[in-house]
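Working notes for the structure below.
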Amino acid sequence: MDMDMERLSDDNRSEEFSDDIRIQELQSLEAIYSNTTDINYKNLTGSAIIPIRLEKDIEIILHDGNLLVSDKQVQIDSATEITDRHVRKDKIKNLPPVQLTFKVTEKYPFEEPPEFHINTTILSDSDVESLYSSLHKLWDDFKDQVLYASIDFIQEKIDNHLETLIGPVIDCGTDVEKYRNFQEFNVSEVKSQFDNETFTCDICQDDFKGANCSRFDSCGHVFCNSCLYDYFISLINTGDIDKVHCPHYECTKKFIQLKDKYLRLDGINIDTFNFNEFKANIMTPPISFELLSRILKFKDSDSSSEEMVKRYQDLFIKQQYDLISKLFPARLVSCPRTGCPEQIFRENTSDPLVICRRCKYAFCNDCHKSWHGTYYKCVKKDKSHMYSDIPLEGLDLWLESGENSKERIRLGYLYGKALIRKMANEYLMDKMFNDMLNDENQGLRKCPTCEIIIQRLDGCNKMCCSSCRTFFCNLCGCYLDHSRPYDHYKDFESPCYGRLFEGMPGLEDE
1 MDMDMERLSD DNRSEEFSDD IRIQELQSLE AIYSNTTDIN YKNLTGSAII
51 PIRLEKDIEI ILHDGNLLVS DKQVQIDSAT EITDRHVRKD KIKNLPPVQL
101 TFKVTEKYPF EEPPEFHINT TILSDSDVES LYSSLHKLWD DFKDQVLYAS
151 IDFIQEKIDN HLETLIGPVI DCGTDVEKYR NFQEFNVSEV KSQFDNETFT
201 CDICQDDFKG ANCSRFDSCG HVFCNSCLYD YFISLINTGD IDKVHCPHYE
251 CTKKFIQLKD KYLRLDGINI DTFNFNEFKA NIMTPPISFE LLSRILKFKD
301 SDSSSEEMVK RYQDLFIKQQ YDLISKLFPA RLVSCPRTGC PEQIFRENTS
351 DPLVICRRCK YAFCNDCHKS WHGTYYKCVK KDKSHMYSDI PLEGLDLWLE
401 SGENSKERIR LGYLYGKALI RKMANEYLMD KMFNDMLNDE NQGLRKCPTC
451 EIIIQRLDGC NKMCCSSCRT FFCNLCGCYL DHSRPYDHYK DFESPCYGRL
501 FEGMPGLEDE
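See below:
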């Protein structure tokens, strides 16, 4: 026996069968489970990985301990579905295997059982204890070599009784690390399985291992990285980013139809328009930046691929701004912070709070000042604030009263004579300007987007703001579709039907 151990201890492997029946059993295990066992012949120990084979996805659940204490404390990872305020759920295809470690003693196999240890993250303590009892009973029944039978017993138990062992879902309690370990293992296994599978590229029609391919998550189509690299690099260089998505015919057709659907919108009912659908289909890049970066790194250096991804990001954002300014000009607001060029799409126009995604500046959409909370009435909401907090009723009373009247004397004491005189003059000028603005004969209109004053001196009633380039109607002030602005005057139900040239200088006299 000592010679056997000495021969085996050099490299911890056996090249020929030993006379020791314990070593013979370990050698047999290594031959049968060559990819899933690790044997240490010197110490007569080993371990076996027992895979868990799922027939369908299984759900994992995490109860947020912080949320149970305070509803305001929550951090949500992107892979998780939130079903209520206290529970996170995810579905996975793969579970971590059960590891069985063992050691054979001096008196094994006829007088003593092997020493077992089961390492698992999915079985309960009671299930593990039950397995220990079953393994010891297995040896008691035979009092012989049982390592292979023990591994086979656990594998059979998992294969045939998994749902009984773990149930239809795995509840991680409040153990965030356990929950994320399940997610990470699943991602790793899915990638490993994909890397070892063979796929036919629909572009070049050659076969490749998954390690040299990329799969689009939204549709599952697979192409080789070489073809995708050449295709995407060409599109990004030429600025044709509308085609930077899955190149499969069906996906290309879907993207064309979606873009056409929104570009042909003649009028949008804000109350019924589905902004979540719009965000998912149009405002979300059809290829993730992570996947694009991985594809571009197939031939380029890291720095070159990052430059191309950055170019794609910039072009995509610019394209979205152009589309949003056409469809929803009132929902696009520029960040007021000096030096920040960002424009922000406002999903909820009733909420004045806007947060710039570039510089994180929080500001009020009404007054474009730093966010002041809803309790504070800003300039646009309360015009009296424009006049040093003097109520409009007081300004009206000042203007209606005589120079030395009791009313003016009282108001002068309240607000200061010089201040209220100055504010009253500003208020009077504003009133006169608004009256002029409301006079149709003056040809003045406020841009519905930026509120700059536009005067029509010539031409038809289709107006274009010189500041923000919004198209609007001079008669009713509504937005006009950039691609089909004249449809507003051709619609029988429009209040401006047939009035495109109404009031146009030179036509009234004819």
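Numbering (full-length UniProt numbering), first residue to last: 1 to 510.
Ideal placement from N, C-alpha and C gives every residue a C-beta, glycine not left out.
The residue among Thr284, Ile21, Ile49 with its C-alpha nearest the C-alpha of Tyr41 is Ile21. Distance from the CA of Asn196 to the CA of Gln183, rounded to the nearest whole angstrom, comes to 20 Å. Nearest neighbour of Ile390 by Cα position, chosen from Ser370, Gly412, Leu162, Asn365, turns out to be Gly412. Between Phe472 and Pro448, the C-beta spacing is below 8 Å. Within the stretch 280-368, complete alpha helix (DSSP H) segments of at least 4 residues are found at 289-296, 302-327, given in chain order. For Gly373, there are no CB contacts under 8 Å within the same chain when 5 residues up- and downstream are skipped. As DSSP reads the structure, Glu115 sits in a beta bridge with Lys103. Taking a contact as a CB-CB distance under 8 Å, the pair Cys201 and Cys219 does not count as one, their CB atoms being some 15 Å apart. Pairing Cys496 with Cys476 gives a Cβ-Cβ distance under 8 Å. Per the coordinates, the alpha-carbon of Ile49 lies some 12 Å from the alpha-carbon of His117.
In the three-state DSSP reduction, Val222 falls in the strand class (E or B). Remark: C-beta atoms of Phe223 and Ser214 approach each other more closely than 8 Å.
Take Cys246, set aside five residues on each side of it, and the residues of its chain with a beta-carbon closer than 6 Å to its own are Phe216, Cys219, His221, in chain order. With distances taken between CA atoms, Glu115 lies nearest to Thr45 out of Glu426, Thr45, Gln99, Asp171. Collapsing the DSSP output to three states places Glu163 in a helix. In this structure, Cys340 sits away from Tyr321, with a CB-CB distance that is not shorter than 8 Å.
Arg358 is a Cβ neighbour of Glu342, given a cutoff of 8 Å. Two segments are said to touch when three or more pairs of C-beta atoms, one from each, lie closer than 8 Å; by this definition the stretch 25-44 touches the stretch 147-165. The alpha-carbon separation between Ile236 and Asp481 amounts to approximately 29 Å. Considering only Asn404, Gly416, Ile420, the residue with the shortest C-alpha distance to Leu395 is Ile420. Nearest to Ile60 by C-alpha distance, out of Asp314, Ile170, Ile241, is Ile170. When DSSP states are grouped into helix, strand and coil, Phe110 belongs to the coil group. In this structure, the alpha-carbon of Gly239 lies about 29 Å from that of Tyr479. Every unbroken stretch of the beta strand (DSSP E) spanning 3 or more residues and falling wholly within the stretch 458-500 is given here in chain order: 462-464, 471-473. When secondary structure is reduced to three states using DSSP, Gly46 falls in the strand class.
Taking a C-beta distance under 8 Å as the contact criterion, Ile92 and Asp57 qualify as a contact pair.
If you draw a straight line from the Cα of Ser188 to the Cα of Ile52, it comes to about 15 Å.
In the structure shown, Phe182 adopts helical secondary structure according to DSSP, grouped into three states.
Distance from the CA of Ala424 to the CA of Asp487, rounded to the nearest whole angstrom, comes to 44 Å. Boundaries of the alpha helix (DSSP H) harbouring Arg22: 21-32, taken from the DSSP string. Between Thr470 and Val333, the alpha-carbon positions lie close to 13 Å from each other. Between Lys310 and Tyr229 the beta-carbon gap is near 17 Å, outside 8 Å, which marks them as no contact. When DSSP states are grouped into helix, strand and coil, Asn35 belongs to the coil group. In chain order, Ile49, Ile50, Pro51, Ile52 place their CB closer than 7 Å to the CB of Pro97, counting only its own chain and leaving out the 5 sequence neighbours on each side. Looking at the DSSP output, Glu59 bridges to Lys91, Val169.
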